[in-house]
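What follows is a single structure, written as structure tokens, with notes after it.
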Amino acid sequence: MIERLSADYLIIGSGIAGLRAAAELVSHGRVLILTKSDPAAGSTGYAQGGIAAAVGEDDSPELHATDTLVAGDGLCDEAAVEVLVTEGPRYVRELIDWGAAFDRDESGALDLAREGAHSVRRVLHAHDATGREIARVLAARLQGHPALTIVDHATAVQAVVEQGAVRGVRFIDRRGALVEARARATLLATGGAGQVFAETTNPTVATGDGVAFAYLAGARVADLEFVQFHPTVLAVPGEPRYLLSEALRGEGARLVNDAGEPFVARYDSRGDLASRDRVSQAIVLEMRRTGRPVYLTLQHLAPDYVHRRFPAIAELCARVGLDLARDRLPVGPAAHYLMGGVVTDLEGRTSLPGLFAAGEVACTGVHGANRLASNSLLEGLVFGGRAGRAMTACEVSDWPVERTPAIEDPPPTGPACRLPIDEVSIRRLMWDQAGVFRTSEGLDAAARVLEGALDELAAERARGAGLSPGTWRTTSLLVVGRLIVRAAARRLESRGAHRRTDYPERDDLHWKRRCFDERSRDER
Ligand code: FAD
Ligand code: SIN
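Be aware that the sequence shown starts at 20, since it is given in this note's numbering, and climbs by one per residue.
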């Protein structure tokens, strides 16, 4: 007998998207947030550079839209971009009204930062720990609200499906027990999937669960070949991969090779502030050319200023014995952000009745083939708010009939299954074969390994094996890894963050279109 909980609205995940949706929903009914680890464990709290919004005097939503569309390399959904850039300033001002302390200059005006591929300064920031400040404000807004319950260390593993609609989720609680949570509407706000790759900026909770969960339930997913690799991640052997924000380059930091020469302009005329995909590729190519590391350097900037402006990053560098202002910092690319995800409309509705998605797990198409820096926090805020509003109007019986019927799998109640592959091997394989540069041979080899492991898992599950948080983690990495590899193998061109060495050109004639995937009924 499975234990049951119920609420009016269910939210999976407690990052910016989940919390902003909750802020909308608490005045409409009982809200239950399930979150897999500590509530602050997602990417939101790690965000450094800031949140982009057209609030500067030299800026406009039209200019912000243009930069977003250029970065998206021809694949952005223009209606989603329009929503993001026009509603963004209002959502950001609301955050300020709620107490967000973004940095200001001596005159009291917002101190806007510059980041790669932005044509003007438009990034609001709280020093170099912007995500933490936004999460603090949202959590304070919800703190103690009588309509809200948060259950932490609760891992959602499966949709509850009835009559073709999603009625809630099954999750594993901190005791290891399987519990069913039911609601009128369920929001996936589970963040990204950086942990699918060996090199990543993402926290350990970012295993793509929402994408795997929704795909296994029959929801449509899209654009999964587009994984953003951030170019400047501190790469000290044996140490964690700390992000060195693009805002550092916005303030004058330079990329140099081992001989101390600037090199990015040789690969892209925009130089160090080119879009992330181009800078990541330039770094890999330069390391291959010289056989030596590349570095980020701030040695030409005033050390006091550097430490005052970037205290959190200086602290991360100090942890590995480096001085942000005085040392050359070895850097390399790492998986940072998933442009693809669970397909939604502009109100967060997925293809499954009763299931919504917002934030990094969702795919409105707003980022196209490559996300503009600092557009992700904005996305979580705007589309989290919109999804929350749409959930209040969710009557599953009104859902258009042509929507995909959900797939009901048997509840994972048996003892946890044996794992066919270890996590380190999956992550290494994905980094080597589906990382910054891809080829058909590499992607096919990866597909064979992932398919084999998924077949073994499916056989175990067919014998009645259940899931623990650990087996679910591996299942999620495998399902999402296979979706990324499948999508990357299908797209025979290079565009945005998807770079094929065997198809190096962008091919608008055949590929100026988004690609969708959906689980068939007989698939595991
Ligand atoms: P998250 O904040 O990742 O939250 C996901 C939540 O879902 C977590 O609470 C997690 O525990 C929970 N969860 C996951 N799976 C399950 C499950 N199965 N069951 C229950 N709960 C689950 N973007 C910017 O715009 N500007 C920046 O400056 C910036 N800097 C960044 C720096 C770093 C180091 C990183 C990693 C990302 C950065 N990003 C930045 C990207 C941005 O932070 C994220 O895209 C954004 O915060 C995602 O918000 P979210 O609400 O969708 O997910
Ligand atoms: C960074 O600070 O470089 C990350 C910003 C982002 O991911 O948008």
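Glycine included, each C-beta is placed from N, C-alpha and C at the ideal position.
Checklist entry - Thinking C-alpha only, which one of G404, R141, A175 is nearest L44? => result L44 has its Cα closest to that of G404, out of G404, R141, A175.
Next on the checklist: Please give me, in chain order, every unbroken run of the alpha helix (DSSP H) with length at least 4 that falls completely inside the stretch 389–461.
Outcome noted: The alpha helix (DSSP H) runs lying completely inside the stretch 389–461 and spanning 4 residues or more are 394–411, 442–453, given in chain order.
Checklist entry - Listed by chain order, which residues have C-beta atoms less than 5 Å from any heavy atom of the ligand SIN? => result Having a Cβ closer than 5 Å to some heavy atom of the ligand SIN are Q67, G68, S264, E265, A392, S393.
Checklist entry - Mind checking whether L253 and L263 have CB atoms under 8 Å apart? => result Yes. Within cutoff.
Next on the checklist: Taking 7 Å as the cut-off, is the beta-carbon of N389 closer than that to any non-hydrogen atom of the ligand FAD?
Outcome noted: For the ligand FAD, not one heavy atom lies less than 7 Å from the Cβ of N389.
Next on the checklist: I want to check one thing, is the minimum distance from the CB of G61 to the heavy atoms of the ligand FAD below 7 Å?
Outcome noted: Result yes, Cβ under 7 Å from the ligand FAD.
Checklist entry - In terms of residue numbering, what span does the beta strand (DSSP E) encompassing H529 cover? => result It is not in any beta strand (DSSP E) - H529 instead sits in the alpha helix (DSSP H) that spans 527–530.
Item to check | Cβ-Cβ separation, D228 to A175 (assumed contact under 8 Å), whole Å | outcome: The beta-carbon separation of A175 and D228, rounded to 7 Å, stays under the 8 Å limit for a contact.
Item to check | Those residues which DSSP pairs with S25 across a bridge | outcome: S25 has R201 as its beta-bridge partners, per DSSP.
Next on the checklist: Taking the alpha carbon of L528 as the reference point, which residue from T520, R518, R510, D521 has its own alpha carbon closest?
Outcome noted: The shortest C-alpha separation from L528 is found at R510.
Next on the checklist: If you reduce the DSSP assignment to three classes, tell me which class L497 lands in.
Outcome noted: Secondary structure at L497: helix, using DSSP grouped into helix, strand and coil.
Item to check | Nearest-angstrom Cα separation, counted from A516 out to F245 | outcome: Separation of F245 and A516 (C-alpha to C-alpha, rounded to the nearest whole angstrom) is 6 Å.
Checklist entry - Hey, out of T493, A26, A42, whose CA is closest to S33's CA? => result Proximity to S33 across T493, A26, A42 peaks at A42, based on C-alpha coordinates.
Checklist entry - Is DSSP giving Y234 helix, strand or coil here? => result Correct three-state label for Y234: helix.
Checklist entry - Where does V339 sit, in a helix, a strand or coil, going by DSSP? => result In the structure shown, V339 falls within a coil segment according to DSSP collapsed to helix, strand and coil.
Next on the checklist: From the DSSP secondary-structure annotation, give me the bridge partner or partners of F248.
Outcome noted: Per DSSP, A354.
Item to check | Bounding residues of the alpha helix (DSSP H) (the contiguous stretch that carries D323) | outcome: Looking at the DSSP string, the run of the alpha helix (DSSP H) that includes D323 is 322–328.
Checklist entry - Quick one, are the C-beta atoms of A376 and A233 less than 8 Å apart? => result Going by C-beta atoms, A376 is nearer than 8 Å to A233.
Item to check | Distance between G48 and A204 (C-alpha atoms, nearest Å) | outcome: Taking the straight line from one Cα to the other gives about 11 Å.
Checklist entry - Which two residues bound the contiguous alpha helix (DSSP H) that contains A99? => result Its alpha helix (DSSP H) spans residues 97–116.
Checklist entry - Say the cut is 7 Å; is the CB of S395 nearer than that to a heavy atom of the ligand FAD? => result Yes.
Checklist entry - How about F282 and W450: do their beta carbons lie closer than 8 Å? => result Going by C-beta atoms, F282 is not nearer than 8 Å to W450.
Checklist entry - Which residues bound the beta strand (DSSP E) around R186? => result Unbroken beta strand (DSSP E) run through R186: 184–191.
Checklist entry - In the DSSP assignment, what residue or residues form a beta bridge with C382? => result Paired residues: V362.
Checklist entry - Any heavy atom of the ligand FAD closer than 7 Å to the CB of H146? => result Distances between the C-beta of H146 and the heavy atoms of the ligand FAD are all 7 Å or more.
Checklist entry - Between G158 and A26, is the Cβ-Cβ spacing less than 8 Å? => result Sequence check: residue 158 is Ala here, not Gly. Remark: C-beta atoms of A158 and A26 do not approach each other more closely than 8 Å.
Checklist entry - Within 8 Å (strictly less), CB to CB, does R457 reach chain C? => result Absent from the structure is chain C; it holds one protein chain and no more.
Checklist entry - Taking the alpha-carbon positions, what's the A154 to I70 distance? => result Their backbone Cα atoms lie some 12 Å apart in a straight line.
Next on the checklist: Less than 8 Å between the C-beta atoms of L53 and A238, yes or no?
Outcome noted: Between L53 and A238, the CB-CB gap reaches or exceeds 8 Å.
Item to check | Three-state class that DSSP yields for A178 in the structure shown | outcome: In this structure, A178 counts as strand in the three-state DSSP scheme.
Next on the checklist: In the DSSP output, what is Y314 paired with across the bridge?
Outcome noted: DSSP lists V275, P349 as partners of Y314.
Checklist entry - Do A353 and F456 have their C-beta atoms closer together than 8 Å? => result With contacts defined as CB atoms closer than 8 Å, A353 and F456 fail to qualify as a contacting pair.
Item to check | 8 Å Cβ cutoff met for F402 and D147 | outcome: In this structure, D147 does not lie closer than 8 Å to F402 by Cβ.
Checklist entry - Looking at the unbroken alpha helix (DSSP H) that takes in V156, where does it start and where does it end? => result Boundaries of the alpha helix (DSSP H) around V156: 149–161.
Next on the checklist: I'd like to know whether the C-beta atoms of P439 and A472 end up nearer to each other than 8 Å.
Outcome noted: Yes, these two residues count as a Cβ contact at 8 Å.
Checklist entry - Ordered along the chain, which non-local residues of its own chain (more than five positions away) have a Cβ less than 7 Å from that of S393? => result Here the set comprises G68, G69, I70, A71, E134, V142.
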